[in-house]
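So the structure is just underneath, and the comments pick up after that.
Chains as they are written, first to last, in the working numbering: chain A, 228 to 419; chain B, 20 to 212.
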């Protein structure tokens, strides 16, 4: 009688030890480094690093979203980014939070080069290193790198930086969306 | 071969674990609100149930039976299931963070899904061999997934339809489940396993 109880206890103990070891091994083997969800969110953000969301850059904002923060704080990304984020996180898309700025048409900064005094202040302000130049030499903006965040306009002492709207070319042109009007099938939704 | 096919048909349709044997009703009611969550839960449960069925069979046959400790089967199976669930959770967390987010609390809840323990114990009662155990576990999970997804699709429609106030929410859900159960009883006599 006592031996069978002893055997039962020992077997259960051995089983628990083996399983515990297995789980311990798995915890090491499948350790999650960082937050993989934040990586996926970061890839969807426009990477302007403009800070309009109130975070120091796109990565910190992505981390805050991964922890359940609001997804509507990114003006450069606009509606399309919010939709993509809502898709990824399986939540309802929300309109852009006006507190953090409004969505603008795509712009790039252009330096009026003959007025530039070469102070390098805009180079220090640029979050994506899209401005080229050296001290006492004329600066210029690499148009394809510029995200249109307008952070360089403020520091320029001679106000020689303009924000220029990018004219739509054959790849970016779209129809102007129709103004939404109420149609017959909306009746139920409008009254509810 | 026919025998194995019969096990599958039997567990998925005729002796469906949820609607005929009434095991695993909590996730059936709890996770069926949205079709996507239901799919995720089905996948997780299928994986866990099959694996748990295999593991508990192995532990029972090669550890408990030779040592004459068959009276320990329930507590041992609970231990095995808990470990399998925990392991699955770690793997899912690593490989699919989104699925992990969707499943959330439901993944650990598989531990207390009575269908999982039910399958392990029924395998022993029916003297299933290894292959039969695998198929029995998989079939049970497939049956669970089938009715869970069907039920979730129905509940999504019920959610937008005009239900009398007294029946809204869980009440109409249970009524629907009962009707589904009646429908599945129609499969009775299809095979006798």
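Cβ coordinates follow ideal geometry from the N, Cα and C atoms, glycine included.
Return the chain-ordered list of same chain residues with a C-beta closer than 6 Å to the C-beta of residue i, the five sequence neighbours on each side being excluded.
i, result
"residue 418 (chain A)", "The pLDDT assigned to residue 418 (chain A) is 48, lower than 50, so where the model puts this residue is not dependable; a value taken from the coordinates is nonetheless given after this. So no residue of the chain qualifies."
"residue 313 (chain A)", "320"
"residue 379 (chain A)", "336, 349, 352, 353 and 388"
"residue 70 (chain B)", "103"
"residue 42 (chain B)", "36, 133, 134 and 137"
Check whether chain B comes within 9 Å of residue i, counting only Cβ atoms and requiring the distance to be less than that.
i, result
"residue 291 (chain A)", "no"
"residue 419 (chain A)", "Caution is warranted here: a pLDDT of 43 is assigned to residue 419 (chain A), below 50, making its placement in the model unreliable, and the coordinate value is therefore given only provisionally. Closer than 9 Å: no."
"residue 312 (chain A)", "no"
"residue 320 (chain A)", "no"
"residue 263 (chain A)", "yes"
"residue 228 (chain A)", "no"
"residue 258 (chain A)", "yes"
"residue 307 (chain A)", "no"
"residue 316 (chain A)", "yes"
"residue 267 (chain A)", "yes"
"residue 371 (chain A)", "no"
Go to residue i, then tell me how far its beta strand (DSSP E) extends in each direction, as first and last residue.
i, result
"residue 308 (chain A)", "Careful: residue 308 (chain A) lies outside any beta strand (DSSP E), inside the alpha helix (DSSP H) at 305-316."
"residue 391 (chain A)", "388-392"
"residue 334 (chain A)", "334-338"
List, in chain order, every chain B residue whose beta-carbon is nearer than 9 Å to that of residue i.
i, result
"residue 244 (chain A)", "Under the 9 Å cutoff, chain B gives no residues; its nearest Cβ is about 11 Å from residue 244 (chain A)."
"residue 235 (chain A)", "86, 88, 90 and 91"
"residue 250 (chain A)", "102, 105, 106 and 109"
For a cutoff of 9 Å on Cβ pairs, would you count residue i as touching chain A?
i, result
"residue 106 (chain B)", "yes"
"residue 55 (chain B)", "yes"
"residue 82 (chain B)", "yes"
"residue 78 (chain B)", "yes"
"residue 73 (chain B)", "no"
"residue 99 (chain B)", "yes"
"residue 199 (chain B)", "no"
What residues from chain A crowd round residue i, counting only those whose CB sits closer than 7 Å?
i, result
"residue 179 (chain B)", "The contacting residues do not exist; residue 179 (chain B) stays about 11 Å from chain A at best."
Anything in chain A within Cβ reach of residue i, meaning under 8 Å, just list it in chain order.
i, result
"residue 95 (chain B)", "239 and 242"
Report the neighbours of residue i on chain B: residues whose CB is nearer than 7 Å to its CB, in chain order.
i, result
"residue 430 (chain A)", "Any property of residue 430 (chain A) remains undetermined from this structure, which presents chain A solely from 228 to 419."
"residue 254 (chain A)", "109"
Taking 8 Å as the limit between beta carbons, can you name the residues of its chain near residue i, skipping five residues before and five after?
i, result
"residue 324 (chain A)", "297, 299 and 300"
"residue 372 (chain A)", "355, 356 and 357"
"residue 51 (chain B)", "57, 167, 170, 171, 174 and 192"
Considering residue i, what are the terminal residues of the alpha helix (DSSP H) in which it resides?
i, result
"residue 268 (chain A)", "263-271"
"residue 65 (chain B)", "54-78"
"residue 136 (chain B)", "133-144"
"residue 187 (chain B)", "Note, residue 187 (chain B): premise wrong, no alpha helix (DSSP H); not H, not E."
"residue 48 (chain B)", "44-49"
"residue 420 (chain A)", "In the structure as shown, chain A begins at 228 and stops at 419. Residue 420 (chain A) is therefore absent and cannot be evaluated."
"residue 108 (chain B)", "92-114"
"residue 348 (chain A)", "348-352"
Ignore the nearest five residues each way along the sequence and tell me which others in residue i's own chain have a CB closer than 7 Å to its CB.
i, result
"residue 192 (chain B)", "48 and 174"
"residue 276 (chain A)", "284, 285, 354 and 355"
"residue 338 (chain A)", "366, 367, 368, 387 and 388"
"residue 79 (chain B)", "92 and 143"
"residue 420 (chain A)", "Within the shown structure, residues of chain A are numbered from 228 to 419, placing residue 420 (chain A) beyond reach of any answer."
"residue 119 (chain B)", "111 and 112"
"residue 265 (chain A)", "289, 290 and 293"
Consider the C-beta atom of residue i and the heavy atoms of the ligand COA; say whether any pair is separated by less than 8 Å.
i, result
"residue 37 (chain B)", "With respect to small molecules bound, the structure shown includes none, and the ligand COA cannot be examined in it."
- Using a Cβ-Cβ cut-off of less than 9 Å, list which residues of the segment 117-150 of chain B approach chain A; keep chain order. 117, 119, 120 and 121
- Item | Residues within the segment 23-40 of chain B neighbouring chain A, beta-carbon criterion of under 7 Å | none
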